[in-house]
Structures are given as structure tokens and as C-alpha cells.
Amino acid sequence: MSSDPFFGATEPLRAANAVAALLMLDDGRYVMQLRDSIPDIFYPGHWGCFGGAVDHDEEPAQALKRELKEELAFNVEEAREFTRFYFDLSGLGQPKVFRIYYEVPATLDAFSRMVLREGAELRAFTGVEILKQPRVTPYDAFAIWLHWKRLRFA
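Numbered as in our numbering, the sequence shown ends at 274 without a single skipped number.
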């Protein structure tokens with residue numbers, strides 16, 4: 121068995137509705153999280169967007185604010201829904217779930233005050249830099265690409 125949990129983990133996973141931040145600095149870079157290399161999460165050891173599961177008693181926008189406060193000590197002042205992805209995992213005995221991406225602006229000053237509370241690393245990347253990384257969660261990579269190339273869809 122591989123010591124890399126992405127390849128070797130056998131722990132069960134549960135799909136859930138989720139939110140994610142396209143956390144954009146005013147210089148155009150995306151703030152990303154290197155996910156922990158633990159066996160009980162989706163895409164361990166991959167770069168991904170900050171965010172997480174929507175609790176049963178909360179609205180997605182509330183979940184986004186809660187997650188960014190928990191993970192980065194960052195207070196969301198503005199968030200605009202950018203896109204939604206739907207995943208039908210019923211063939212795996214899992215529910216149909218959504219992942220909502222919000223565009224969340226942040227200043228360089230706010231970035232300097234962010235405190236990583238979840239994950240292995242915090243880093244800001246240009247669109248090219250993050251998409252060239254060898255390990256990026258595929259759904260987040262697609263959302264970033266859509267956002268980065270959004271003017272092509274005008």
C-alpha cells in the first residue's frame with residue numbers, strides 16, 4: 121500500500137454539499153490551501169480552494185463565511201456567487217451534491233493577516249502558477265480556469 125493517502129487510503133468518504141472561495145487578492149492572485157495529507161478527506165496533499173461542507177442548518181453563504189473564519193481567521197466582507205457544480209454520486213451509494221464557488225476579494229493587507237488554521241500550507245498563485253501545479257483538486261482547477269478565463273465567455 122502507498123504511504124501517500126491519496127493513493128493508499130481506504131477510509132470511507134462521505135459526499136456533502138459544499139462551498140469554496142475563489143479568494144482573489146487585489147493583485148489578481150488566488151489564495152490556495154495545500155490540503156492535509158490525511159486519509160479521510162477528498163484529495164489529500166492537493167492544492168485546493170478554501171471552503172467546506174454546508175451544515176444542515178445553514179445557508180451556503182453562511183457556510184462560506186464560517187469556513188473562511190475557521191480556516192484563515194478571515195472575515196468575509198463581500199462574496200459573489202460565481203458558479204455551481206453538481207455531482208451525482210448515486211452510483212457510489214452517495215447523494216447528489218453541489219459545490220458553490222464564490223468570488224471573494226481580499227486585499228494584500230488582509231492576506232498578510234490570514235492565519236492558517238486548517239491545511240498544510242497557505243499560498244497565493246497566479247492563474248498560470250496554480251494550474252501548473254502537479255496536484256490541484258480537479259473541480260477546483262476547473263473553477264479557477266473558468267474564473268481566470270471568464271472574459272472568453274463574454
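C-beta atoms are modelled at their ideal positions from N, C-alpha and C, and glycine is treated no differently.
Keep in mind the model is a prediction, meaning the values are calculated, not measured.
- Query: Counting pairs of beta carbons, one from the region 153-163 and one from the region 232-250, are three or more of them closer than 8 Å?
  - Reply: yes
- Task: Buried or exposed for Ala193, please, with buried defined as at least 16 other CB atoms from any protein chain shown within 10 angstroms of its CB.
- Result: Residue environment analysis places Ala193 among the exposed positions, since fewer than 16 neighbouring C-beta atoms fall within 10 angstroms of its C-beta.
- Item | Local conformation of Asp175 per DSSP, three classes | coil
- Item | For Tyr221: DSSP bridge partner residues | Answer by DSSP bridge pairing, in chain order: Ala140 and Thr203.
- Considering Glu249, what are the terminal residues of the alpha helix (DSSP H) in which it resides? Gly247 to Leu251
- Message: With a threshold of 8 Å on Cβ separation, who are the neighbours of Ala230 within its own chain once the five nearest residues in sequence on each side are excluded?
- Response: Phe194
- Straight-line CA distance for Gln214 to Arg270? 32 Å
- Candidates Glu190, Asp124, Ser123 and Asp208, of which the one nearest Arg84 by Cα: No statement about residue 84 is possible, as the shown extent of the chain runs from 121 to 274 and does not include it.
- Report the rounded CA-to-CA distance for Asp124 versus Pro159, giving the unit in angstroms. Looking at the backbone, the Cα of Asp124 and that of Pro159 are separated by about 9 Å.
- Message: With distance defined between alpha-carbon atoms, name the residue in Leu228, Ala136, Thr257 and Leu212 nearest to Arg149.
- Response: Leu228
- Query: Taking DSSP as the reference, what is the three-state secondary structure of Tyr259?
  - Reply: helix
- Taking Cβ to Cβ, would you say Leu188 is nearer than 8 Å to Phe205? no
- Query: Is the distance from the Cβ of Ala183 to the Cβ of Val174 below 8 Å?
  - Reply: yes
- Is Leu184 helix, strand or coil by DSSP? Secondary structure at Leu184: helix, using DSSP grouped into helix, strand and coil.
- Task: Give the straight-line distance between the Cα atoms of Leu145 and Ala226, rounded to the nearest whole angstrom.
- Result: 5 Å
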